[in-house]
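Asker: With our numbering, the residue at position 281 of the sequence shown is 304, and numbering never jumps.
For each residue, glycine too, the CB sits at the ideal point set by N, CA and C.
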Amino acid sequence: MGQTILYILSVSVASTLLSFAIAFPIIELLYKFKITRRLDFDFTTVIEKVNLKAGVPIMGGLIVVITVVFVNLLFNPENSSKNLLVLMFIFVLSALLGGFDDVLNIYGRERAKLRPLKRTIKLIMVHKDLSKRILLTLSLPWAAYKRFFYMLGSNPGKGIQAHEKIIIQSIAGFALGYAAYFLVPAEMQGLVHIPIADVFVDIGMLIIPFGWLTVVLMTNAVNLADGMDGLAASQLLFSYGGFLIISLFKEELWLTFLMATVIGSLISYLYFNVPPARFQMGDVGSLSLGALLAGVAFMVGEPLMLLIISFPFVITLLSTVIQGIGRRLLGRRIFKMAPIHYHFQMYNKWSEEKVVMRLALLGFFMMLFGLWIYFIDYYS
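In C-alpha cells:
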C-alpha cells in the first residue's frame with residue numbers, strides 16, 4: 024500500500040506541474056482570440072462586483088482536459104483497457120461539447136425565440152399549404168421537447184441550447200451505462216450498492232438508463248456551480264479526492280491514477296482561479312469534469328455515493344430545478360436567485376469569497392462524511 028500511495032502522489036505532483044506549465048500559453052491564446060467572458064446585462068444592481076468578471080478568459084478548464092487526456096493515454100497502467108477508453112470518450116466528448124458552447128457564446132449569433140406550442144398547433148390546423156402542415160405536424164414532438172426545457176428555465180441565446188446539449192450528453196451517458204453493465208464481471212452486472220444499508224440491489228439492465236441519468240445530472244450540476252471563482256474547482260477537488268480514496272482501497276490502480284491526474288491539474292487550475300481569477304473553467308471544463316465524475320463513481324462501484332460526497336453539486340442542481348418549476352408553474356421565485364450560491368449572496372448578503380469558502384467547507388465535510396459511511400460498510 025505504501026508504494027502505491029507514493030506512486031499516486033507522484034502522479035498527482037507531475038500532473039500539477041504539467042498543467043501549471045501549459046496554463047501560461049493557454050491564457051495567452053485565450054486573450055489573443057478574445058475567448059473572454061462577456062456580460063450582456065448590467066448585473067451590478069443584483070450581484071455586487073459581478074461586472075468585474077467581464078473580460079476574464081473562459082475555457083481555463085482546457086489545462087485540466089489536456090493534462091488528464093495526455094497523461095492517461097500515455098502513462099496510465101491500463102491505458103488500453105476498455106473501461107479507461109470509455110471514460111476518456113465520455114470526458115473528451117463532453118469537453119468538445121463544452122468547448123463549442125464556449126466559442127459559440129462569444130462568436131455565435133443570437134438564436135431565434137421559441138414559437139409558442141399553441142401557435143404551432145394552430146398553424147397545423149389553419150395553414151393553407153398542406154406540405155407546411157405536414158412539416159409542422161412532424162416537428163411537433165421536437166417543438167414540445169424544446170418547450171419542456173424552456174419551462175425549466177432554458178432560453179435561446181448564442182450558445183448550444185439545453186435541449187441540444189442533452190442529446191450529446193445522452194451519448195456520453197449511455198456509453199457509461201453500457202460500460203456499467205457489459206464491462207463488469209458477470210456476478211456484478213446490474214448491481215447497485217446502497218450506502219449505509221450496505222446492500223446490493225439488482226436493477227438489471229436498468230443500470231444503463233441509470234448511468235445515462237447520472238451523467239446528464241452531474242454534468243449540468245458542475246456546470247451550474249461554475250459561476251463563482253474557485254467554487255466548482257474546490258468542490259471537484261473534494262469529490263474526486265473522496266472517490267480516489269475509495270478506489271485506492273478497492274485496489275483499482277488505473278482509476279486511482281486517473282483521479283490523481285484530475286486532482287493534480289485541478290490544483291493548478293485553482294491557483295489561477297482564486298479571486299481575482301486569471302481565467303474561468305468554462306463549459307469545456309465543467310461539462311467534462313462533471314461527466315467524468317459520474318463515470319468514476321460508477322467504475323468504482325459507488326454511484327449513490329455521489330449524493331453524499333458530491334452533495335454541494337446536488338443542492339446546486341436541485342435549487343435550479345426548484346426555481347424553474349416555481350417560476351413556470353407557481354409564477355414566483357422560490358429563491359432570490361438560482362443556483363443556491365447566488366441566493367446566499369443576495370439573501371444573506373454574503374460576499375462571493377464567503378460563499379465559496381463556506382461551500383468548500385461543506386464539500387470537505389461531505390467528503391469526510393461519505394468516506395466515514397464507506398469505511399463503516401467496508402469494515403462491517
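Note down, in chain order, each residue of its chain lying with its Cβ closer than 6 Å to the Cβ of G122, except the 5 sequence neighbours on either side.
Answerer: Taken in chain order, the residues that qualify are V307.
Asker: Is the Cβ-Cβ distance between V94 and S38 less than 8 Å?
Answerer: Contact flag set, yes.
Asker: Grouping DSSP H, G and I as helix and E and B as strand, with all else coil, what is D249?
Answerer: Three-state result, D249: coil.
Asker: Going by the beta-carbon positions, is the gap between M390 and G264 smaller than 8 Å?
Answerer: Closer than 8 Å, so yes.
Asker: Residues bridged to V36 by DSSP?
Answerer: None; V36 has no bridge partner.
Asker: For F334, is the classification buried or exposed, using 16 other Cβ atoms within 10 angstroms of its Cβ as the cut-off for buried?
Answerer: Counting Cβ neighbours within 10 Å, F334 comes out buried, since at least 16 surround it.
Asker: On the premise that M111 lies in contact with L96, defined as a C-beta separation below 8 Å, what is that separation, rounded to the nearest angstrom?
Answerer: About 7 Å separates the two Cβ atoms, so the contact holds.
Asker: Can you look up M389 in the DSSP assignment and give me helix, strand or coil?
Answerer: M389 falls in the helix class under three-state DSSP.
Asker: Just tell me which of S311, I269 and H216 has its CA closest to the CA of A255.
Answerer: That would be S311, whose Cα lies nearest to the Cα of A255.
Asker: What do you reckon, are the CB atoms on T242 and Q192 nearer than 8 Å?
Answerer: Contact flag set, yes.
Asker: Is V79 helix, strand or coil when you go by DSSP?
Answerer: Three-state DSSP puts V79 in coil, outside helix and strand.
Asker: Among E187, L53 and S257, which one has its Cα closest to the Cα of W165?
Answerer: Nearest of E187, L53 and S257 to W165, Cα basis: E187.
Asker: S291: which of S103, G83, N246 and L385 sits nearest, CA to CA?
Answerer: Nearest of S103, G83, N246 and L385 to S291, Cα basis: G83.
Asker: CB I269 to CB V323, shorter than 8 Å?
Answerer: In this structure, V323 lies closer than 8 Å to I269 by Cβ.
Asker: Three Cβ pairs or more, each shorter than 8 Å: is that satisfied between the segment 36 to 55 and the segment 274 to 289?
Answerer: With a cut-off of 8 Å, the segment 274 to 289 and the segment 36 to 55 count as touching, because enough Cβ pairs lie within range.
Asker: Let me know the secondary structure DSSP gives H150 once reduced to three states.
Answerer: H150: coil per DSSP, three-state reduction.
Asker: Please return the same chain residues whose Cβ sits closer than 8 Å to the Cβ of D125, not counting the five positions on each side in sequence.
Answerer: The residues are I58, I81, M82, G182, G305, D306 and V307.
Asker: Which two residues bound the contiguous alpha helix (DSSP H) that contains F114?
Answerer: Per DSSP, F114 belongs to the alpha helix (DSSP H) from K105 to Y130.
Asker: Compare the C-alpha of A383 against each of M282, I129 and F261 and name the closest.
Answerer: The candidate whose alpha carbon is nearest that of A383 is F261.
Asker: Measuring only the C-alpha atoms, how far is S103 from A195?
Answerer: Going by the C-alpha atoms only, they are around 19 Å apart.
Asker: Measuring alpha carbon to alpha carbon, tell me which of F171, P326 and A317 ends up nearest H216.
Answerer: Ranking F171, P326 and A317 by Cα distance to H216 puts P326 first.
Asker: Within its chain, find whatever has a CB closer than 7 Å to the CB of Y201; leave out the 5 residues flanking it on each side and keep chain order.
Answerer: Result list for Y201: I231, in chain order.
Asker: By Cβ distance below 7 Å, which residues in the same chain neighbour L394 in space, the five residues on each side in sequence not counted?
Answerer: Here the set comprises G265 and I268.
Asker: Please list the terminal residues of the continuous alpha helix (DSSP H) segment that includes L199.
Answerer: It spans A185 to F205 - the alpha helix (DSSP H) in which L199 sits, taken as one unbroken run.
Asker: Under 7 Å Cβ to Cβ from T68, same chain only, skipping five residues before and after it: list those, please.
Answerer: With a pLDDT of 48 at T68, under the threshold of 50, the predicted position of this residue should be treated as unreliable, though the coordinate-derived value follows. Excluding sequence neighbours, T68 sits near nothing in its chain.
Asker: Measuring alpha carbon to alpha carbon, tell me which of L330, A77, R61 and V92 ends up nearest A283.
Answerer: A283 has its Cα closest to that of V92, out of L330, A77, R61 and V92.
Asker: Please work out which residues of its chain come closer than 8 Å, Cβ to Cβ, to I331, disregarding the five sequence neighbours upstream and downstream, and give them in chain order.
Answerer: P218, M389, F392, G393 and I396.
Asker: Just the C-alpha distance for S154 and L146, rounded to the nearest angstrom, thanks.
Answerer: For S154 and L146, the distance between alpha carbons rounds to 12 Å.
Asker: In chain order, what residues of the same chain lie with their CB nearer than 7 Å to the CB of G25, ignoring the 5 residues before and after it?
Answerer: Counting only Cβ-Cβ distances below 7 Å, and skipping sequence neighbours, we find nothing.
Asker: Taking L240 and I113 to be in contact with their CB atoms under 8 Å, please state how far apart those CB atoms are, rounded to whole angstroms.
Answerer: Contact flag wrong, Cβ pair sits at about 14 Å.
Asker: Give me, in chain order, the residues of the same chain whose beta-carbon lies closer than 6 Å to that of L329; leave out the 5 immediate sequence neighbours on both sides.
Answerer: So the qualifying residues of the chain are A320.
Asker: Report yes if the C-beta distance between R61 and A77 is below 8 Å; otherwise report no.
Answerer: Cβ distance < 8 Å, so R61 and A77 count as in contact.
Asker: Any idea which residues DSSP pairs T59 with across the strands?
Answerer: P80, per the DSSP bridge assignment.
Asker: Nearest-angstrom Cα distance between L259 and R170?
Answerer: When rounded, the distance between both Cα atoms is 32 Å.
Asker: Straight-line CA distance for L120 to Q303?
Answerer: Computed Cα separation, rounded: 17 Å.
Asker: For D225, which of helix, strand or coil comes out of DSSP?
Answerer: Of the three classes helix, strand and coil, the one that applies to D225 here is strand, per DSSP.
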